[in-house]
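Everything in the sequence shown is counted per our numbering, starting at 495 for the first residue and increasing by one. From the three backbone atoms N, C-alpha and C, an ideal C-beta is built for every residue, glycine too. Computed from a predicted model, the values in this text were never measured in an experiment. Step one of this worksheet: look at the structure below.
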Amino acid sequence: MQKQFKFSPVAIALWGLLPAATVWAQSPQNDVLIIAPAVIDSNSADDMAGFRTTVTSRQIEDLNAIDAAAALRRTPGVSISRFNPVGSFGGEEGGAVYIRGMGSSRPGSEIKTYIDGVPFYMGIWNHPLLDLLPLNGMARLNVIKGPQLHEFGNTFGAIALEPKKARAADGVSGEVSVRGGSFGTVAEQLDVSGRQGDWNFALAQGHASSDGHRPDAKGRLNNVMGQLGYRIDSQWSIRLLAMNSSNTATDPGHQDTQANKGQTFNTRGDLLALTVAHQHDKVQGSFKVYSTEGYGEQNPGLKSNFKTTGLRWRESLQPWQGGQVQAGLDVDKIGGDVPTVGFVAADLRVSSPFVAVSHKLDLTGGWSATPSVGVRHYSHNVLKSESAHQAGLVLAQGERLALRVQMSKGVNYPGLDAAVLSHLMAPALGNTWKSLGAERLDHQELGVSWKPSSDTSVDLALFKDRVKDRYIFAFPPAVSAPGFVHLGTYDVTGTELTWAQSMGKSWQMFAGWTHLNSSKSDLPYAPQDSLSVGINWQEGPWRASADAQHQTRMTVLGQARTVSTNTVQVNGFTVANLRLGYKVPQLGQRGEVFAAIENLLDKTYTFREGYPMPGRSLQVGVKASF
């Protein structure tokens, strides 16, 4: 019997707010529809020389993406894995995102995922679950490339989702979309936001389901998110965010052996965060407390429950002309249990204050130089304390040309996954995990951003990452006694080159190339070369978006926490997609009917050996706005 979707108390409370939206005053909207950049919105570097790639809700729509893996599938430096059209089976090859070769260790991961600055992932196994990250209601996804201590700690990279906020003007606006097509796929999304005086709100709800392109390739996603904000005065505000996500995915199994066929993976997550923020002339900041909890359940197999609580404090100061000081504190308490095997975790607590300073110097010829330094200190209640630092320099000539260099140290602590594995393999591993230190990353990056005209932008990044002290468990004869140990080092060097071009008011084009070279020959999900291209076109009521990707052969399956070598590979592939929309004024200013074709050329490709992805498929839909 199919499991029915049940709302948690958080979800019920959010749904209860929906009728209240109708009583808010409405005002005419004056949106101007501007053709969006293709594939990504932008690459950007901040004053600390930290580099990120941003994908907004417009690119998500143009890509016809249902989840984070689909939204980031063409992002330079990012690779993905999945089985099914809808839903992620587990947190590994069944649905995951990797950044420049980072994020493939399982259990555990070198990257983390965030919603509104709150860490939201499977805490008990210490890695992301993509189905917990809804796209509807999100303004943008930021891919943080490399450790950036002034942004996030205890990770080598990040995928950060930013929720949409209410408009500055009083009134209510929103949109709803429904689409369906091949494999019984159906998706529905609703976004509503409004403001009245000092109060504002935002509500988002989404559902997606599919029977899948193979027997037992089913998936279902359900989520709801709400925000309620109040402006205390001209400087201070307060905002409450609550979210619930409940999902399931089925493993279609190996096409030849049928191994794992019919297994299901269910996830649920709740997030609650309260933020107090202030904006003064020379000081801006926020204080956030949060709680997340949920579970991942593999049937037949394990049910793992997680609960994380903590706080985020951020302050940004401009104490002198050209000066910028960023400081803050992260505190996380991570707990959970795996009742199937009788494991109950003792909480892990990580506290990490940080400070970063930059200063902009005006030079001759319109040039400026912005050097920066930063440091973050980590205190752990079980493992030893660590410190990490960064330094950067940005040389810029107005908005036309910018050269950047950054060197930073990343710290990534073993999580409760090490404690769970010790419990499962007791008494062999014992408490050896408590003697582990943090994994470390030495990151170096040199980049240049060039805008020869208002219609053209080019970005080049050269980087080198050295991973040190990766933790594994080993048995004799590899080691003298069973236990957790640190492995040696491996390097990932690479190049990212992107080009974006506008042609008049109708055309936007994009191309991005990534080259990766790892000293670890079996590093998973790190294809040596990948190329992504996109074209957006708009004329009158018509709008078209096309995207394509080519990537070379790559090793797959996660890096196990053992000394074993990963030998499984999949062939390279080229895949193209197309979306065509027609604006319908009767459906509102952003209303349209649309059709999308995935895998336009009907190519055969896989992210895991024996798990073919869908061939050519079609979806049609309609969107209305008010």
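Starting from residue i and walking both ways along the alpha helix (DSSP H), at which residues does that stretch end?
{"i": "V533", "result": "Element bounds for V533: n/a, residue is neither H nor E."}
{"i": "H917", "result": "910 to 918"}
{"i": "R552", "result": "551 to 556"}
Tell me the rounded alpha-carbon separation between residue i and residue j.
{"i": "R725", "j": "S731", "result": "4 Å"}
{"i": "L1051", "j": "S902", "result": "28 Å"}
{"i": "Q1083", "j": "R552", "result": "15 Å"}
{"i": "V572", "j": "A955", "result": "14 Å"}
{"i": "T1059", "j": "N636", "result": "32 Å"}
{"i": "R600", "j": "E587", "result": "10 Å"}
{"i": "D745", "j": "G720", "result": "31 Å"}
{"i": "S1111", "j": "E880", "result": "50 Å"}
{"i": "D764", "j": "L627", "result": "11 Å"}
{"i": "T607", "j": "Y1019", "result": "18 Å"}
{"i": "E555", "j": "H917", "result": "44 Å"}
{"i": "T769", "j": "S575", "result": "34 Å"}
{"i": "A994", "j": "Q1002", "result": "7 Å"}
{"i": "G795", "j": "S785", "result": "27 Å"}
{"i": "V1069", "j": "P531", "result": "20 Å"}
{"i": "V612", "j": "D664", "result": "28 Å"}
{"i": "G1149", "j": "R1037", "result": "In the structure as shown, the chain starts at 495 and stops at 1120, and residue 1149 therefore has no counterpart that could be examined."}
{"i": "Q818", "j": "G589", "result": "39 Å"}
{"i": "R894", "j": "K928", "result": "51 Å"}
{"i": "Q642", "j": "S1039", "result": "33 Å"}
{"i": "N925", "j": "G688", "result": "53 Å"}
{"i": "G998", "j": "S948", "result": "11 Å"}
{"i": "S676", "j": "N694", "result": "39 Å"}
{"i": "A932", "j": "A698", "result": "38 Å"}
{"i": "S974", "j": "T1056", "result": "15 Å"}
Please list the terminal residues of the continuous beta strand (DSSP E) segment that includes residue i.
{"i": "R634", "result": "632 to 638"}
{"i": "E893", "result": "Element bounds for E893: n/a, residue is neither H nor E."}
{"i": "S798", "result": "797 to 811"}
{"i": "R960", "result": "950 to 962"}
{"i": "A564", "result": "Taken as a continuous stretch (DSSP letters only), A564 belongs to no beta strand (DSSP E), being part of the alpha helix (DSSP H) at 562 to 565."}
{"i": "N716", "result": "713 to 725"}
{"i": "N620", "result": "Where N620 is concerned, there is no enclosing beta strand (DSSP E), given that its DSSP letter is neither H nor E."}
{"i": "Y789", "result": "777 to 793"}
{"i": "D985", "result": "983 to 997"}
{"i": "T1008", "result": "1001 to 1012"}
{"i": "T864", "result": "861 to 874"}
{"i": "H980", "result": "977 to 980"}
{"i": "H772", "result": "758 to 773"}
{"i": "Q1113", "result": "1111 to 1119"}
{"i": "G829", "result": "817 to 832"}
{"i": "E933", "result": "933 to 947"}
{"i": "F848", "result": "842 to 853"}
Would you say residue i lies against chain B (beta-carbon separation less than 9 Å)?
{"i": "G678", "result": "Of the chains in the structure shown, none is chain B; there is only one protein chain."}
Can you give me the Cβ contacts of residue i inside the same chain, cut-off strictly under 6 Å, excluding the 5 residues immediately before and after it?
{"i": "V517", "result": "With a pLDDT of 39 at V517, under the threshold of 50, the modelled position of this residue cannot be trusted; read the value that follows with caution. Closer than 6 Å at the Cβ level, and outside the excluded window around V517, lies no residue."}
{"i": "G617", "result": "F800, T802, I828, G830"}
{"i": "D1016", "result": "T1049, T1059, N1060"}
{"i": "Q891", "result": "G860, W861"}
{"i": "K1014", "result": "Y984"}
{"i": "G1006", "result": "P570, T992, S1026"}
{"i": "V670", "result": "L684, A1118"}
{"i": "R898", "result": "A539, A543, V888, G941"}
{"i": "S846", "result": "G647, D824, R870, Y872"}
{"i": "N760", "result": "T742, E791"}
{"i": "A821", "result": "E809, V849"}
{"i": "N630", "result": "Q683, A698, G700"}
Please go through the same chain and pick out, in chain order, the residues whose beta-carbon is closer than 7 Å to the beta-carbon of residue i, but skip the five residues on each side of it.
{"i": "F1120", "result": "S667, G668, G1082"}
{"i": "P1035", "result": "Y1076, K1077"}
{"i": "A564", "result": "L557"}
{"i": "D692", "result": "Y724, R725"}
{"i": "N620", "result": "P601, G602, S603, G909, L910, D911"}
{"i": "L1094", "result": "A1070, N1071, L1072, R1110"}
Can you give the beta carbon distance from residue i to residue j, rounded, assuming they're within the 8 Å contact cut?
{"i": "P1021", "j": "T989", "result": "Rounded, the Cβ-Cβ distance is 13 Å, inconsistent with contact."}
{"i": "D750", "j": "G1104", "result": "6 Å"}
{"i": "T758", "j": "R714", "result": "The pair is not a contact, with the Cβ atoms about 10 Å apart (cut-off 8 Å)."}
{"i": "S704", "j": "N578", "result": "7 Å"}
{"i": "G868", "j": "V888", "result": "At roughly 14 Å, the Cβ-Cβ gap does not stay under 8 Å, so G868 and V888 are not in contact."}
Cutting at 8 Å between CB atoms, please list the residues of its own chain near residue i, excluding the five before and the five after it.
{"i": "D625", "result": "D561, G581, S582, G589, L715, S739, N741, A743, T761"}
Every unbroken alpha helix (DSSP H) inside the stretch 646 to 678 [4 residues or more]: none
Length at least 3, wholly inside the stretch 1025 to 1096: the beta strand (DSSP E) runs in chain order: 1036 to 1045, 1067 to 1077, 1086 to 1092
Completely contained alpha helix (DSSP H) runs for the stretch 561 to 618, where each covers 4 or more residues: 562 to 565
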